[in-house]
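Q: Please see the structure below; I have some questions.
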Amino acid sequence: MLSQEQSEKIKKELLQQVKNSNLPNKEEISGAITAMNSEELEAFIKQQSANQQQECIFCSIADGKIPSYKIGENSEAVAVLEINPITKGHAIIIPKIHSDQTAKASIELAAEISEKMKSLRPKSIEVIPSTVIGHGILNVLPVYSNETMGSPRKKANERELQELFKILTEKTEFLGGEKASTPKKSNKSRLKRITDKKMWLPRRIP
4 MLSQEQSEKI KKELLQQVKN SNLPNKEEIS GAITAMNSEE LEAFIKQQSA NQQQECIFCS
64 IADGKIPSYK IGENSEAVAV LEINPITKGH AIIIPKIHSD QTAKASIELA AEISEKMKSL
124 RPKSIEVIPS TVIGHGILNV LPVYSNETMG SPRKKANERE LQELFKILTE KTEFLGGEKA
184 STPKKSNKSR LKRITDKKMW LPRRIP
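Numbering (my numbering), first residue to last: 4 to 209.
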């Protein structure tokens with residue numbers, strides 16, 4: 004059984020991740036987590052782990068089973084636009100193999116996508132690791148003001164995603180064959196990498 008100290012630490016991490024998520028019933032979930040004793044919390048974690056093993060949305064996206072706006076790919080990872088972005092151009096790097104570790108190929112792809120995002124003229128570009136349902140991902144977050152991963156999210160509409168797809172890939176499939184304009188380069192953009200660390204998150208709801 005989990006010790007009191009372990010329980011408190013896990014609860015704190017869970018509550019923070021629920022707070023930063025786009026779940027519609029955050030208060031209800033947070034209340035349930037807070038009320039759990041050590042035994043209930045341990046059972047909850049085991050159940051979530053079992054569920055996550057059976058269905059991982061990120062594996063489905065990487066395999067192409069779930070439609071996405073793919074803006075980059077290498078042999079071990081794919082980069083797709085976040086459908087609930089914090090800022091314009093927010094993307095996630097997903098390893099093709101289910102793992103909670105950040106592989107070198109994912110970091111390389113994040114750097115490649117960050118270069119493309121300079122055309123959006125952000126102040127900086129943050130590469131932020133997280134682990135969701137046991138799948139380690141990298142958030143590539145253009146920062147225009149002082150946004151962080153704790154900032155509010157907003158569901159992107161299809162037109163926004165299509166326009167970003169065209170800018171970041173220089174493709175025209177989604178916009179009726181219009182010629183994509185040459186992206187303007189920003190000399191002020193910079194890439195800040197944050198050291199990877201493991202996190203446990205509740206199941207993501209797309």
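Ideal placement from N, C-alpha and C gives every residue a C-beta, glycine not left out.
Name the DSSP beta bridge partners of S127, please?
A: Residue numbering aside, residue 127 sits at position 124 when the sequence shown is read from its first letter. Per DSSP, V146.
Q: Which term fits P155, buried or exposed, when burial requires 16 or more other beta carbons within 10 angstroms of its beta carbon?
A: Indexing the sequence shown from 1 puts residue 155 at position 152. Result: exposed.
Q: Using CA coordinates, which residue listed in N23, I32, L44 is at the minimum distance from E8?
A: Taking the sequence shown and counting its residues from 1, the one referred to as residue 8 is at position 5. Among N23, I32, L44, the Cα nearest to that of E8 belongs to L44.
Q: For E76, which three-state DSSP category applies?
A: For the purposes of this step, residue 76 is taken as the residue at position 73 of the sequence shown. Strand, per DSSP.
Q: Per DSSP, V135 forms a beta bridge with which residues?
A: Residue 135 sits at position 132 when you count from the first residue of the sequence shown. H138.
Q: Evaluate N160 with the Cβ neighbour count: other Cβ atoms within 10 Å of its Cβ, from every protein chain shown; 16 or more gives buried, anything less gives exposed.
A: Residue 160 sits at position 157 when you count from the first residue of the sequence shown. N160 should be labelled exposed.
Q: Do L144 and T90 have their C-beta atoms closer together than 8 angstroms?
A: Here residue 144 corresponds to residue number 141 of the sequence shown, with the count starting at 1. Here residue 90 corresponds to residue number 87 of the sequence shown, with the count starting at 1. Yes. Within cutoff.
Q: Report the rounded CA-to-CA distance for A113 versus I100, giving the unit in angstroms.
A: The residue given as residue 113 occupies position 110 in the sequence shown. The residue given as residue 100 occupies position 97 in the sequence shown. Using only the alpha carbons, I get a separation of about 16 angstroms.
Q: On the criterion of 16 or more Cβ atoms from any shown chain inside 10 Å, does P70 qualify as buried, or is it exposed?
A: Translated into the one-based positions of the sequence shown, residue 70 becomes position 67. Result: exposed.
Q: Got a sec, what are the start and stop residues for the beta strand (DSSP E) I97 sits in?
A: As a working note, residue 97 is residue 94 in the sequence shown. Per DSSP, I97 belongs to the beta strand (DSSP E) from 94-98.
Q: Give every residue of the same chain whose Cβ lies closer than 8 angstroms to the Cβ of C59, excluding the five residues on either side of it in the sequence, and list them in chain order.
A: Taking the first residue of the sequence shown as position 1, residue 59 is located at position 56. The residues are H101, I136, G137, H138.
Q: Does the beta-carbon of Y147 have 16 or more other beta-carbons within 10 angstroms, so that it is buried, or is it exposed?
A: Residue 147 sits at position 144 when you count from the first residue of the sequence shown. Result: exposed.
Q: From this set, M39, Q51, I86, which residue's C-alpha is nearest R162's C-alpha?
A: Taking the first residue of the sequence shown as position 1, residue 162 is located at position 159. Out of M39, Q51, I86, I86 has the C-alpha closest to the C-alpha of R162.
Q: Would you check if the distance between the CB atom of P98 and the CB atom of A80 is smaller than 8 angstroms?
A: What you label residue 98 is simply residue 95 of the sequence shown in a count that begins at 1. What you label residue 80 is simply residue 77 of the sequence shown in a count that begins at 1. In this structure, A80 lies closer than 8 angstroms to P98 by Cβ.
Q: Quick one: residues in its chain with C-beta nearer than 8 angstroms to the C-beta of K187, no 5 flanking neighbours on either side, listed in chain order?
A: As a position in the sequence shown, residue 187 is number 184, starting the count at 1. Per-residue confidence for K187 stands at a pLDDT of 44, beneath the threshold of 50, marking its modelled position as unreliable; the derived number appears in the next sentence. Only S122, R124 meet the Cβ criterion.
Q: Are K12 and T37 close, meaning C-beta to C-beta below 8 angstroms?
A: Translated into the one-based positions of the sequence shown, residue 12 becomes position 9. Translated into the one-based positions of the sequence shown, residue 37 becomes position 34. No, the Cβ-Cβ distance between K12 and T37 is not below 8 angstroms.
Q: Rounded to a whole number of angstroms, what is the C-alpha to C-alpha distance between P1 and S6?
A: With the chain represented from 4 up to 209, any question about residue 1 goes unanswered, as that position is not in the structure.
Q: How would you write the range of the alpha helix (DSSP H) that R162 sits in, first residue to last?
A: Here residue 162 is taken as the residue at index 159 of the sequence shown, counted from 1. Where R162 is concerned, the enclosing alpha helix (DSSP H) stretches over 161-172.
Q: By DSSP, does L17 sit in helix, in strand, or in coil?
A: One-based indexing of the sequence shown puts residue 17 at position 14. Three-state result, L17: helix.
Q: E129: which of G34, G92, A108 sits nearest, CA to CA?
A: Start at 1 with the first residue of the sequence shown, and residue 129 comes out as number 126. The candidate whose alpha carbon is nearest that of E129 is G92.
Q: Could you tell me which residues DSSP pairs with L84 in its beta bridges?
A: The residue you call residue 84 lines up with position 81 of the sequence shown. For L84, which the question treats as bridged, DSSP gives the partners A94.
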